[in-house]
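What follows is a set of notes on a single structure, which appears directly below.
Here it is, written out as structure tokens:
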């Protein structure tokens, strides 16, 4: 299990298939490792982290936080056991994640970033193929597939006994590209599929922080089955 969600079908009539996951990013955008140390028994921001934002009192840039298992101030329910909170602190290279008390994310000044206000539309990096542009028009995220497609009918439902459904099996390479449009610099990640009808959908693992000119990849890629974390320092403009 990793932050990049896997989209696939439970079937009985076909072999069990699962997405291979995207490999490490590479390209012309400056990519930096983002170390994350999670205390024992605590939730990791690589599983699923909500984005929170604190508006500045002056003309300064907003402060961003990540919360794993943190509900925030919008709902009167407790956080999940092991909930963690992290402040995104900019550095000369990119950012660091600094642990903070989860209570900070429950203060009225700190609000969860809702889907409608997320800098990246929800469809970004969600579909098998497609393209989207960030709300500020500076990032374009594209997923493309190069390979073979095989249509098939397989057993539907959890046990494969609820009739049949149409599906497609893929053999080839999916490439996820993130382009900084003002500079034309790009990073790419590739996912290799071998007769699979599942694929990775890392939309919630990609966090764009436009005011900080930073892009966080929180488990969007992996190496030898382990999720990776990276920070991208976007060029000015």
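In the working numbering, the protein residues as written are 3 to 239.
For each residue, glycine too, the CB sits at the ideal point set by N, CA and C.
- Taking the Cα positions, residue 33 is about 22 Å away from residue 123.
- Going by DSSP, residue 229 is part of the beta strand (DSSP E) stretching over 228-235.
- Rounded to whole angstroms, the separation of the alpha carbons of residue 155 and residue 212 is 44 Å.
- Three or more beta-carbon pairs separated by less than 8 Å are not found between the segment 109-124 and the segment 184-197, which leaves the two stretches without contact.
- Three or more pairs of CB atoms, one per stretch, sit closer than 8 Å, so the segment 59-70 contacts the segment 211-228.
- About 4 Å separates the CB atoms of residue 71 and residue 85; that is less than 8 Å, so the two are in contact.
- Residue 219 is positioned such that its CB atom lies closer than 8 Å to that of residue 231.
- Taking the C-beta atoms as reference points, residue 131 is found no nearer than 8 Å to residue 24.
- DSSP lists 92 as the beta-bridge partner residues of residue 97.
- Looking at the DSSP output, residue 209 bridges to 218.
- Taking a contact as a CB-CB distance under 8 Å, the pair residue 178 and residue 127 counts as one, their CB atoms being some 6 Å apart.
- Residue pairing by DSSP puts residue 178 in a beta bridge opposite 145 and 191.
- DSSP places residue 104 in no beta strand (DSSP E); its state is neither H nor E.
- In the structure shown, the three-state DSSP call for residue 156 is strand.
- Between residue 136 and residue 144 the beta-carbon gap is near 12 Å, outside 8 Å, which marks them as no contact.
- The Cβ atoms of residue 221 and residue 48 lie closer than 8 Å to each other.
- For residue 149, same chain residues with a beta-carbon under 8 Å away, outside a window of 5 residues either side, are 172, 173, 174, 175 and 195 in chain order.
- Assignment of residue 112 by DSSP, reduced to helix, strand and coil, places it in the strand class.
- The C-beta distance from residue 115 to residue 36 rounds to 19 Å, too long to meet the 8 Å contact threshold.
- Its chain contains 143 and 189 as the residues whose beta carbon lies nearer than 6 Å to that of residue 180, once the 5 sequence neighbours on both sides are disregarded; these appear in chain order.
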